[in-house]
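**Q**
Residue numbers (my numbering): 709 to 1145.
(1) I think residue 930 touches residue 906, with their Cβ atoms under 8 Å apart; what is that distance to the nearest whole Å?
(2) If you draw a straight line from the alpha carbon of residue 1136 to that of residue 839, how long is it in whole angstroms?
(3) Excluding sequence positions up to five away, which residues of its chain have a Cβ less than 8 Å from the Cβ of residue 1219?
(4) Could you check which residue in 934, 1106, 914 has the C-alpha nearest to that of residue 826?
(5) Find the nearest neighbour of residue 998 within the set 876, 874, 1108, judged by alpha-carbon distance.
(6) Once DSSP output is grouped into helix, strand and coil, what is the label at residue 912?
(7) Bridge partners for residue 1015 per DSSP, in chain order?
(8) Would you say residue 887 and residue 819 are within 8 Å of each other, going by their C-beta atoms?
(9) Let me check one thing: in DSSP terms, what residues is residue 850 bridge-paired to?
(10) Have a look at residue 1123 and residue 909 and give me their C-alpha separation to the nearest angstrom.
(11) Alpha carbon to alpha carbon, how far is residue 781 from residue 862? Give it in angstroms, no decimals.
(12) Would residue 995 and residue 1111 be called neighbours here (beta carbons separated by less than 8 Å)?
(13) First and last residue of the alpha helix (DSSP H) that includes residue 988?
(14) Considering only the beta carbon of each residue, do residue 896 and residue 775 sit closer than 8 Å?
(15) I'd like the span of the beta strand (DSSP E) that includes residue 1098, first residue to last.
(16) Can you tell me whether residue 1139 is helix, strand or coil according to DSSP?
(17) Within the continuous alpha helix (DSSP H) that includes residue 932, where are the two ends?
(18) Where does residue 775 fall in DSSP's three states?
(19) For the beta strand (DSSP E) that contains residue 801, what are its first and last residues?
(20) When you compare only the Cα positions, how much space is there between residue 860 and residue 989?
(21) Would the region 788-796 and the region 867-880 be scored as touching if the rule is three or more Cβ pairs under 8 Å?
(22) Around the C-beta of residue 898, are 16 or more other C-beta atoms found within 10 angstroms, so that it is buried, or is it exposed?
(23) What do you get for residue 822, buried or exposed, if any count of 16 or more other CB atoms within 10 angstroms of its CB means buried?
(24) By DSSP, does residue 1058 sit in helix, in strand, or in coil?
(25) Let's see if you can read the secondary structure: which residues bound the alpha helix (DSSP H) around residue 936?
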């Protein structure tokens, strides 16, 4: 305990400096090149620039890229029922790396599930499935770009064509982007800030479009990956700046599209944008449970897999951070968990009978409300890291704020253009009364 306390104190001493450096903005882009892209360079300036100079300026500038074009829509796969057989059908978003890949592999290797890997890069997903020894005939890969709402709709259409009349059993919403060092927001094709658009809004639409189908399956489950960073009652969410805070949802209420940069309507802050999206993820699970569990029988849950400090989610961080962070999480906080174990935890939320309870936020090895405590094996325990048993974790008061959760639902539905005809009609009596009223 003395060693842990000393190490933790030292860790906390450097955290403010470390995290401020980690979140510091990059150098600003070349202003002239940016103006050229925006179309604000005067004809005089443009005419005085040689083609070579213009090319050089454009090379220095990150040109906006569209994430998905209609022509990229896949030709629907058919006769999936023959491939699926008697196995349960599960969709995993972001299944080409990290947590999603390991969860998909775990489920596929049980022999009880047929996995649809829903990914933005189809060819990459096919290769990693082979590299990770997915059993032949246990999976298929389908295109899904969560940063484009039309791609979400195209995916749903293709999935229905593939599986034919049989219902979808399970859905894992795992894909996420994290851009802590970006000084300015990136945008989805529909004009949403990228973290909120991909992590929350894309998944929000996906879940809602699949509910009517999933209610036809027995014991179906929807799991949306949460995070302690969105829970302010934890070390990672309460002590590490910035804290998640949706404020009065001014930005989302305005539609959430460019020039709106954050859900609370304030200027962009990359690390906070990710945390805010995770709050919305967990609030969505609570609302799905309240609205649809009783009538549909679908189990809705969120989970925290532990700190996967070596995941590609941290690809945007500086090299020193990527090297130091796993060590810090292993030996100081005790929150570290490897990708394989984290994937097994996510798969457990689908496979374990214990996880049939709806409206739960699942965690392992402590609630991460404190740093770990040294155990007999010389490792810190109790901070959500490796080992330990699954349990029902407590969410922060902010996540449990029902009034805000209902507003997040309302604003999100409008933002993604979710038509009432597309929404599941099997709502609870409480919400049915609100709709009628």
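Every residue, glycine too, gets a C-beta built ideally from N, C-alpha and C.
**A** From the atom records:
(1) With 8 Å as the limit, residue 930 and residue 906 do not qualify as a contact, their Cβ atoms being about 18 Å apart.
(2) 45 Å
(3) Lying before the first or after the last residue shown, residue 1219 is absent from the chain, which here runs from 709 to 1145.
(4) 914
(5) 1108
(6) helix
(7) 1044
(8) no
(9) 826
(10) 8 Å
(11) 7 Å
(12) no
(13) 978-996
(14) yes
(15) 1098-1101
(16) helix
(17) No alpha helix (DSSP H) contains residue 932, which is instead part of the beta strand (DSSP E) from 929-933.
(18) coil
(19) 796-801
(20) 17 Å
(21) yes
(22) buried
(23) buried
(24) helix
(25) Looking at the DSSP string, residue 936 is not in any alpha helix (DSSP H), and its letter there is neither H nor E.
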